[in-house]
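Residue 664 in my numbering sits at position 7 of the sequence shown; the count goes up by one each step and never skips. Glycine included, C-beta positions come from ideal geometry on N, C-alpha and C. Report on the following structure.
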Amino acid sequence: MSTVAVVGTQWGDEGKGKITDYLAQEADVVVRYQGGDNAGHTVEFNGQQFKIRLVPSGIFNAKMVIMGNGMVINPKTLLGEMTMLTERGIDVSKLLISDRAHLIMPYHPEIDEIQEDKKGELKVGTTKRGIGPAYMDKFARIGIRVGELKDPELFALKLRINLEDKNEYLRANGKEAFDFDAIYAEYMAYAETLRPHIIDASYILNKEIDNGSKVLFEGAQGVMLDIDHGTYPYVTSSNPSAASIPVGAGIPPQSIHEVLGIVKAYSTRVGDGPFPTEFDDEVAHGIRERGREYGTVTKRPRRIGWFDATIIQHTRRVSGLTGLSIMLLDVLTGVEELKICTGYRLNGEVIEYVPSLINEFATCEPIYETLPGWSEDITKVTSFDSLPANAQAYLKRIEALAGVPVVMFSVGPDREQTIRLKPIFK
Ligand code: GDP
Ligand code: IMO
Ligand code: MG
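As structure tokens, this is what we get:
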């Protein structure tokens, strides 16, 4: 048996969707374990492009895909995605949804917006999909779970209790209250369509693992957006780290065998919060255009920064990386000098960790080393040896600083533009 976790090592959008799709060619089951439709994953093959937020990126290849209990699911987005996939010839009957996952309700995005407006300087720049408020309800034990769509009476009871509280808050903040009947009817209609997909996912998944199936765990976001290990409070409300897979998928920790860290060859961040290696000049603009660095969900231009090894070391510590997949290497073609951050200077002292205090992280000055770039087109490269010497040296330097072997790299958005240096499923 063999399982692999695909984890974002930076601030999200590292190319997790592309690698999940690629590795799903070998996998039996693909499972998402956290987050919701704040994620935006792009998958390209055979001249087609798919942008998906909820359905695991393994849908095009794996025999079964699971949305785990750790997710928060907006059924409207999900049904839209299922319809889009079906219309484009993709079979969604193999999609299973954990009955323990939580539902995003229509009031959650509204509350997200109010909370953001109240935060002033501490505004997170969320995707306004209601992710934080849905996880708040989960932990306050008033959340509504996917399985409850199958129990109209319990669903109605919980909706009534929630609406009493939520409507009061919405009105007090100048928003319109929600109508019980409208939400009830809308969600019961979703229930009809989703019913055949709702299952005890942990039970099914454990059976698959016990039977020797190859399982891929697909993370959303990235470790720097992790609620515990990211740049709090400028984070999402779940744990993208591999450490949350056992909880979010309902499996034993021993069942995670390999953790593949997905690493952008530079850095990006969408949303607010400190970002020490950020820069904004002609070179950054070039990277943004070549890398199509605009948010999938919100279309915001992504902020651009140099590669930061301190971040990858932090991710390795909290997520246990066994291999790295370096993404978007082609985007750096033509950049004359490539900077790599190897540590920070904080109050005159050199540090090699990510300070938890946000004001300290904001004042960290990156310590850079500079490597020469390359100008050759690498988008058709199929092996490490055929990369220009400077690109090889860049990957080798990342590997040495991270202390984790580079086992894959990517030179374009298409599935074919992926180079695997070692077997990933053992
Ligand atoms: P995810 O959220 O981690 O799945 O990443 P996104 O899909 O949001 O963002 C990654 C973007 O980079 C998408 O537009 C991908 O199509 C694209 N992409 C992935 N790998 C490569 C690559 O190696 N080169 C280039 N040029 N684009 C890539
Ligand atoms: P994928 O899976 C990049 C960011 C938002 C914001 C913060 C909190 O595509 O890598 P939220 O709506 O989650 O409460 O927003 O997290 N964010 C992402 N940034 N990629 C993502 O997902 C993201 N999901 C959330 O921009 O800064
Ligand atoms: Mg994304």
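Going by DSSP, what residues sit across from residue i in a beta bridge?
i: K780; result: Paired residues: none, contrary to the question.
i: P890; result: Paired residue(s): none; P890 is not in a bridge.
i: R802; result: H759
i: I983; result: V920 and F1066
i: G962; result: S924 and E935
i: M881; result: Beta-bridge pairing links M881 to no other residue.
i: D1071; result: E701
i: E915; result: V661
i: I1015; result: In the DSSP output, where bridge partners are listed per residue, I1015 has none listed.
Would you mind reading off the limits of the alpha helix (DSSP H) that contains residue i?
i: M721; result: It is not in any alpha helix (DSSP H) - M721 instead sits in the beta strand (DSSP E) that spans M721 to M724.
i: L811; result: P809 to A829
i: G674; result: K673 to L680
i: E773; result: Y764 to K775
i: G943; result: E939 to R947
i: T850; result: F837 to L851
i: K795; result: I788 to F796
i: I1055; result: A1046 to A1059
Quick check on the DSSP output: the beta strand (DSSP E) that includes residue i runs from which residue to which?
i: P732; result: Not the beta strand (DSSP E): P732 falls in the alpha helix (DSSP H), residues P732 to E744.
i: V1007; result: E1006 to I1008
i: Y1025; result: E1022 to P1029
i: Q667; result: First-last for Q667: undefined, no H or E at that position.
i: V1001; result: The residue you asked about is not Val; residue 1001 is Tyr in the sequence shown. E994 to L1003 is the span of the beta strand (DSSP E), which, as asked, contains Y1001.
i: E875; result: K871 to E875
i: K708; result: Q705 to I709
i: I1076; result: T1075 to R1077
i: R689; result: V686 to R689
With DSSP run on the structure shown, which of helix, strand or coil describes residue i?
i: H759; result: strand
i: D694; result: coil
i: P910; result: helix
i: F717; result: helix
i: K864; result: helix
i: L989; result: helix
i: I968; result: helix
i: V729; result: strand
i: I1081; result: coil
i: I754; result: strand
i: I1035; result: coil
i: I855; result: strand
If residue i and residue j are in contact, beta carbons under 8 angstroms, what's the gap, nearest whole angstrom?
i: R852; j: F837; result: At roughly 22 angstroms, the Cβ-Cβ gap does not stay under 8 angstroms, so R852 and F837 are not in contact.
i: G697; j: T953; result: 3 angstroms
i: A1046; j: F874; result: Not quite, the Cβ-Cβ distance comes to about 35 angstroms (not below 8 angstroms), so this is no contact.
i: M984; j: I919; result: 6 angstroms
i: T783; j: D769; result: 6 angstroms
i: I709; j: I730; result: Contact flag wrong, Cβ pair sits at about 13 angstroms.
i: G948; j: T666; result: 17 angstroms between Cβ atoms; not a contact.
i: T1117; j: D965; result: Summary: the structure shown does not reach residue 1117, with the chain confined to residues 658 through 1083, and so no result is reported for it.
Ligand 4 and residue i: does any heavy atom of the ligand fall closer than 6 angstroms to the residue's C-beta?
i: S1043; result: As for ligand 4, it is missing from this structure, which binds only ligand 1, ligand 2 and ligand 3.
Say whether the stretch 973-980 touches the stretch 891-906, bearing in mind that this needs 3 or more beta-carbon pairs closer than 8 angstroms, one atom from each stretch. yes
Inter-stretch contact (C-beta, 8 angstroms, three-pair minimum) for the stretch 810-830 and the stretch 736-744: no
Are the stretch 899-917 and the stretch 698-709 touching by the rule of at least three beta carbon pairs closer than 8 angstroms? no
Touching by the beta-carbon criterion (3+ pairs, under 8 angstroms), the stretch 793-806 and the stretch 926-941: no
Would you call the stretch 1064-1077 and the stretch 994-1014 in contact, with 3 or more CB pairs under 8 angstroms? Contact fails: fewer than three Cβ-Cβ distances are below 8 angstroms.
Does the stretch 871-885 come into contact with the stretch 1023-1037, if we say contact requires no fewer than three beta-carbon pairs (one atom in each stretch) closer than 8 angstroms? no
contact_flag[the stretch 706-720, the stretch 679-692] where n(CB pairs < 8 angstroms) is 3 or more: yes
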